[in-house]
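Residues 0 to 351, numbered by numbering that gives the first Met the number 0, are exactly what the sequence shown covers, in order. Every residue gets a Cβ at the ideal spot worked out from N, C-alpha and C, and that includes glycine.
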Amino acid sequence: MSARSVMDALDPEKYEVVPVGITRAGQWLAGDALAALNVGTSSATRPVTHLPESQSPALTPVERASMELSSFSEVAELDVIMPILHGPYGEDGTVQGLLELADLPYVGAGVVGSAVGMDKAIFKNVMAANGIPILPWRLVLVGDWRSRRSAVLEQLESMFCYPVFTKPANLGSSVGICRCADRAELETGLDTAAQYDRRIVVEQGADARELEVAVLGNDTPIASIVGEVRPRRAFYDYVAKYVSDDSELLIPASLDAAVADEVRNLALKAYKAIDCAGMGRVDLLMDRENGSLYMNEINTIPGFTRISMYPKLWEASGIPYPELLDRLIELALDRHHEKKNLKINFRPEGDE
0 MSARSVMDAL
10 DPEKYEVVPV
20 GITRAGQWLA
30 GDALAALNVG
40 TSSATRPVTH
50 LPESQSPALT
60 PVERASMELS
70 SFSEVAELDV
80 IMPILHGPYG
90 EDGTVQGLLE
100 LADLPYVGAG
110 VVGSAVGMDK
120 AIFKNVMAAN
130 GIPILPWRLV
140 LVGDWRSRRS
150 AVLEQLESMF
160 CYPVFTKPAN
170 LGSSVGICRC
180 ADRAELETGL
190 DTAAQYDRRI
200 VVEQGADARE
210 LEVAVLGNDT
220 PIASIVGEVR
230 PRRAFYDYVA
240 KYVSDDSELL
250 IPASLDAAVA
260 DEVRNLALKA
270 YKAIDCAGMG
280 RVDLLMDREN
290 GSLYMNEINT
300 IPGFTRISMY
310 PKLWEASGIP
320 YPELLDRLIE
330 LALDRHHEKK
340 NLKINFRPEG
350 DE
């Protein structure tokens with residue numbers, strides 16, 4: 000849905016769009032890629048790849064008869080990539096690493112920013128190191144959980160009060176996250192998260208408002224006005240985000256100007272702390288009782304449908320959807336140009 004929205008909004012007078020779909024098995028498809036992914040057939044597509052080397056910006060078909068380099072031909076030349084991907088193998092630095100090797104400009108955070116933004120445990124450590132407030136949390140290794148279930152439960156119950164949240168350390172779209180109100184639910188939550196990652200984040204629950212800020216830019220980013228999500232479910236889970244349409248999205252959030260500025264400043268501080276670039280949706284929690292703010296996460300590739308929070312926040316801040324895409328592409332090209340001006344070879348003086 001995000002990819003279709005982006006493609007529909009790009010100015011055809013400016014851009015020639017080359018859609019590339021990635022199947023669940025990791026195969027790249029060119030042609031009518033979106034239709035193929037929707038219906039689960041690749042009849043109107045052809046397998047393609049991009050070689051992880053910088054000699055050519057070409058997207059090339061994969062010929063079944065031979066995988067030798069001489070069998071490759073060109074489908075299209077690519078000027079800039081806009082990854083519209085969520086979760087592992089898309090938002091975690093893996094695709095970004097391939098594009099770095101291929102020397103292709105791409106929208107969004109680089110390898111480090113993407114990886115840190117995806118890994119909830121490392122992200123929290125970076126936030127703490129930069130003095131950005133976070134809720135109490137603990138990392139549980141799946142191996143420990145499976146071998147010492149009772150001890151892990153007792154340890155967690157000594158640290159937290161119910162409810163707590165259990166989360167796979169690396170995943171997106173709230174997949175695998177559970178709100179746990181007692182020991183039985185905590186066991187279920189840990190088991191659920193263990194299906195998706197070898198590391199589990201357990202976090203103190205709070206009666207909090209969910210605030211979101213859209214950030215745009217590279218080294219000198221700007222922040223949008225603050226929005227608020229009011230889910231009708233127990234929390235803003237996968238169903239609330241993508242299936243049901245009963246969550247309230249409030250733009251702007253009802254906040255005092257000083258508090259809104261503090262939220263935006265924290266969002267910018269977190270964005271810079273992980274070396275994010277291009278775009279990011281920063282999610283914070285605000286304690287309903289005392290107003291304390293806590294950093295929750297940064298989505299380095301936020302949802303991009305026309306009703307998604309990231310473009311809606313920018314539209315409310317004065318940047319319409321098509322212009323937002325133009326800016327993101329310009330930021331990608333600027334960052335790539337800056338990197339091209341850096342030295343990548345070193346030779347000591349006098350070394351012939």
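Where does residue i fall in DSSP's three states?
i	result
T93	helix
V238	In this prediction, V238 has a pLDDT of 49, which is less than 50 and means its spatial position is unreliable; nothing more can be read from the coordinates.
I369	An answer regarding residue 369 cannot be provided, because it is not within the stretch 0 to 351 covered by the chain.
P132	coil
I80	strand
R305	coil
S291	coil
V278	Val is not the amino acid found at residue 278; the sequence shown has Met there. DSSP places M278 in strand when its eight states are reduced to three.
A259	helix
S69	Annotation note: pLDDT 43 at S69 (below 50); position unreliable, no value reported.
I121	helix
G112	helix
R208	strand
V200	strand
V19	strand
M6	helix
Y270	helix
R326	helix
E99	helix
D31	coil
G226	strand
G216	strand
E337	helix
M285	strand
Between the Cα of residue i and those of the options, spot the shortest distance and give me the residue it belongs to.
i	options	result
S253	I273, R231, G279, E211	E211
A192	I80, E15, P347, W144	W144
D31	G277, R287, V17, A24	V17
V111	N289, T59, I273, I343	I273
G438	G92, L267, I224	For residue 438 there is no data in the structure shown, the boundaries of the chain being 0 and 351.
V151	P230, I199, G86	I199
E99	S113, G86, L185	S113
I328	H49, D78, V61	D78
E184	Q203, L170, P162	P162
V214	D206, A207, Q203, G226	G226
N86	D118, V106, P104, T59	The displayed chain sequence assigns Gly, not Asn, to residue 86. Looking at the Cα atoms, D118 is the closest of the given residues.
H335	V139, N264, L103, A29	L103
A57	V19, R197, L36, D91	V19
E337	C179, M278, N217	N217
Y195	T219, L155, N169, E186	N169
A101	E76, I121, C275	E76
G109	A276, E314, G171	A276
G92	K271, G116, P230	G116
P51	V74, L97, E15, E348	L97
A127	E15, E261, K268	K268
Please report the straight-line C-alpha distance between residue i and residue j, rounded to a whole angstrom.
i	j	result
L9	L324	7 Å
K13	L249	33 Å
R182	P167	18 Å
P82	G89	7 Å
G142	H49	37 Å
N289	W136	20 Å
S4	N124	35 Å
W27	E202	37 Å
R287	V61	55 Å
I133	R346	45 Å
T165	K342	44 Å
E186	M6	43 Å
F159	R263	29 Å
N37	T219	38 Å
V258	S307	24 Å
L84	V174	15 Å
A315	V228	15 Å
Rounded to whole angstroms, how far is the Cβ of residue i from the Cβ of residue j, which I believe are closer than 8 Å?
i	j	result
E209	L284	6 Å
R305	Y293	Not really, about 30 Å apart at Cβ, beyond 8 Å.
I300	G107	6 Å
Quick check on residue i - is its C-beta less than 8 Å from some C-beta in chain B?
i	result
M285	Although the question refers to chain B, the structure presented lacks it and comprises just one protein chain.
Every unbroken alpha helix (DSSP H) within the stretch 144–196, with a cutoff of 4 residues, ordered by chain: Inside the stretch 144–196, DSSP marks whole alpha helix (DSSP H) runs of 4 or more residues at positions 148–158, 182–193, from first to last along the chain.
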